[in-house]
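In this note's numbering, the protein residues as written are 4 to 391.
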């Protein structure tokens, strides 16, 4: 089949609010010789050209470009994809619906096999674990070589693009703040993502392990000094109820070169719950995706909110390859083999699905014929996560 020619344009020629679209219809032949129409539509936004995959429907072959991609959404990874890539995920998610996904999550039992967590068990007596029922797997455990203690409740977690994309860890305890910073410097981590608050529902969820005000300095175990450099809100290019504070820090450890990193504090993600579903996590992850070092991410236990973020990143990397996006349950099983019992609640499991559906809808990879099903899923999701 002969494809229509493409006309390229430089994004420098486009204004911020401009969308260029070139369309034409040409005649072509299918493999069986039947005459078909080829509709070619090319959208250009911020230098991002999308794929030219073809979808056949009613003797018309549609290129699978998004129908409209505005420049202010160009932050959304800019991957090349088509509906066939996300078909399994979308169809299985909508077919199961919210109740089916809840049942699926409940069937995936959380298990603590302490024979695979020998160091975690040994450290319980040393009060270095925040929760005695949230284990740390030996196989993927981060071992600290800089400090006096080699143990920290943290695991390396892989994604399709990186064997050590994340370090998932518990929130620091008063006696483990130094170990946390030893780990950050050892791994040369430049991004820390905090998904909890220091106090939630009247309970202490995290030690105050970094300075939050100008001219503030914190010292841990005499050898670790953390210096406040600057702080500003993390800006999202769309309306959102999410609040993220971005703090630049300098970490000094005796005998080591000064290390700079940026701390991202997501301030309104409720414990065991979910924030309002939008594209905030995808935008934040996109901001961090070029980091060569592991991204350190924690909530309180380091498995619930933390696992949600990791699963979203896993899916986005598959889309960016591009590779088929399958059912999320399989990716969750892979995650739990690296960070035990990741994703604590059914609401968090649903949140991952809803965020990904919103992303696919916003980038126009889903046909309008699915809108009714997507809207029903969204209504059921809101009811399941808020009760209304």
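Ideal Cβ placement from N, Cα and C applies to all residues, glycine included.
- Provide the residue(s) that pair with residue 300 in DSSP beta bridges, ordered along the chain. For the purposes of this step, residue 300 is identified with residue 297 of the chain shown, where counting begins at 1. The secondary-structure analysis by DSSP pairs residue 300 across a beta bridge with 171 and 196.
- Task: Could you check if residue 132 is buried or exposed, using at least 16 other CB atoms within 10 Å of its CB as the buried criterion?
- Result: By 1-based counting over the chain shown, the position of residue 132 is 129. A buried status is given to residue 132, since no fewer than 16 other beta-carbon atoms sit within 10 Å of its beta-carbon.
- Message: Does the structure place the segment 270-280 close enough to the segment 340-360 that three or more beta carbon pairs sit under 8 angstroms?
- Response: Under the Cβ criterion (8 angstroms, minimum of three pairs), the segment 340-360 counts as touching the segment 270-280.
- Query: Would you say residue 246 and residue 197 are within 8 angstroms of each other, going by their C-beta atoms?
  - Reply: For this step, residue 246 is matched to residue 243 along the chain shown. For this step, residue 197 is matched to residue 194 along the chain shown. Their beta carbons are not under 8 angstroms apart, which means residue 246 does not touch residue 197 by this criterion.
- Query: Can you tell which of 176, 177, 160 and 286 has its C-alpha closest to the C-alpha of residue 169?
  - Reply: Reading the chain shown from its first residue, position 166 is the one you call residue 169. Ranking the options by Cα distance to residue 169, first place goes to 160.
- Residues near residue 95 by beta carbon distance below 6 angstroms, same chain, minus five either side: On the chain shown, position 92 is the one that residue 95 refers to. These residues qualify, in order along the chain: 330.
- Query: Would you report the Cα separation of residue 271 and residue 120, rounded to the nearest angstrom?
  - Reply: Mapped onto the chain shown, residue 271 falls at position 268. Mapped onto the chain shown, residue 120 falls at position 117. It is roughly 32 angstroms from the alpha-carbon of residue 271 to the alpha-carbon of residue 120.
- Using DSSP with H/G/I as helix, E/B as strand and the rest coil, what is residue 234? For the purposes of this step, residue 234 is identified with residue 231 of the chain shown, where counting begins at 1. Strand, per DSSP.
- Beta bridge counterpart(s) of residue 212 as assigned by DSSP: In the chain shown, residue 212 corresponds to position 209, counting from 1. Looking at the DSSP output, residue 212 shares a beta bridge with no other residue.
- Task: Below 6 angstroms CB to CB, which residues in the same chain sit around residue 180 once its five sequence neighbours on both sides are set aside?
- Result: For this step, residue 180 is matched to residue 177 along the chain shown. The residues are 210, 212 and 223.
- Status (buried if at least 16 other CB within 10 Å, exposed otherwise) for residue 217: On the chain shown, residue 217 is found 214 positions in, with the first residue counted as 1. Exposed is the call here.
- residue 251 to residue 261, Cα distance in whole Å? Numbered from 1 along the chain shown, position 248 holds the residue referred to as residue 251. Numbered from 1 along the chain shown, position 258 holds the residue referred to as residue 261. Taking the Cα positions, residue 251 is about 13 angstroms away from residue 261.
- Message: Less than 8 angstroms between C-beta atoms, sequence neighbours within five positions excluded: which residues of the same chain meet that for residue 377?
- Response: On the chain shown, position 374 is the one that residue 377 refers to. Residues of the same chain with a CB within less than 8 angstroms of the CB of residue 377, apart from the 5 flanking positions on each side, are 97, 360, 364 and 369 in chain order.
- Neighbourhood of residue 175 by C-beta distance below 6 angstroms, restricted to the same chain and skipping five residues each side: Taking the chain shown and counting its residues from 1, one reaches residue 175 at position 172. Excluding residues within five positions, the ones whose Cβ falls inside 6 angstroms are 183, 210 and 212.
- Message: Can you give me the C-alpha to C-alpha distance between residue 356 and residue 199, rounded to a whole angstrom?
- Response: Taking the chain shown and counting its residues from 1, the one referred to as residue 356 is at position 353. Taking the chain shown and counting its residues from 1, the one referred to as residue 199 is at position 196. Going by the C-alpha atoms only, they are around 21 angstroms apart.
- Message: According to DSSP, simplified to helix, strand and coil, what is residue 368?
- Response: Residue 368 sits at position 365 when you count from the first residue of the chain shown. In this structure, residue 368 counts as coil in the three-state DSSP scheme.
- Query: What distance in whole Å lies between the Cβ atoms of residue 354 and residue 311, which are believed to be in contact at a cut-off of 8 angstroms?
  - Reply: Working through the chain shown from its first residue, we reach residue 311 at position 308. Working through the chain shown from its first residue, we reach residue 354 at position 351. Contact check for residue 311 and residue 354: beta-carbon distance about 6 angstroms, within the 8 angstroms limit, so the pair qualifies.
- Message: Below 8 angstroms, how does it come out for the segment 294-302 and the segment 122-129: are there three or more Cβ pairs, yes or no?
- Response: Cβ pair count under 8 angstroms is below three, so no.
- Message: Contact defined as beta carbons within less than 8 angstroms: I believe residue 264 pairs with residue 192. What is the distance between those atoms, to the nearest angstrom?
- Response: The count along the chain shown starts at 1 and reaches residue 264 at position 261. The count along the chain shown starts at 1 and reaches residue 192 at position 189. At roughly 6 angstroms, the Cβ-Cβ gap stays under 8 angstroms, so residue 264 and residue 192 are in contact.
- Taking 8 angstroms as the cut-off, decide whether the C-beta atoms of residue 237 and residue 215 are in contact. Residue numbering aside, residue 237 sits at position 234 when the chain shown is read from its first letter. Residue numbering aside, residue 215 sits at position 212 when the chain shown is read from its first letter. Contact flag unset, no.
- Message: For residue 190, count the other beta carbons within 10 Å of its own beta carbon; 16 or more makes it buried, fewer makes it exposed. Which is it?
- Response: For this step, residue 190 is matched to residue 187 along the chain shown. Burial call: buried.
- Do you know offhand how far residue 150's Cα is from residue 185's? As a first step, residue 150 must be located in the chain shown, where it is residue number 147. As a first step, residue 185 must be located in the chain shown, where it is residue number 182. The straight-line gap from Cα to Cα measures roughly 6 angstroms.
- Between the C-alpha atoms of residue 101 and residue 386, what's the straight-line distance to the nearest angstrom? Along the chain shown, read from residue 1 onward, the residue named residue 101 stands at position 98. Along the chain shown, read from residue 1 onward, the residue named residue 386 stands at position 383. When rounded, the separation of the alpha-carbon atoms in residue 101 and residue 386 is 10 angstroms.
- Task: Determine the DSSP secondary structure at residue 134, reduced to helix, strand or coil.
- Result: As a working mapping, residue 134 is identified with position 131 in the chain shown. In the three-state reduction of the DSSP assignment, residue 134 falls in the coil class.
- Apart from the five residues just before and just after residue 163, which ones in its own chain have a Cβ nearer than 6 angstroms to its Cβ? As a working mapping, residue 163 is identified with position 160 in the chain shown. Excluding sequence neighbours, residue 163 sits near 320 and 321.
- Selection from 147, 115 and 154 that minimises the alpha carbon distance to residue 125: Walking along the chain shown from the start, residue 125 turns up at place 122. When only C-alpha atoms are compared, the closest one is 154.
- Is DSSP giving residue 319 helix, strand or coil here? Residue mapping note: residue 319 aligns to position 316 of the chain shown, counting from 1. Residue 319: helix per DSSP, three-state reduction.
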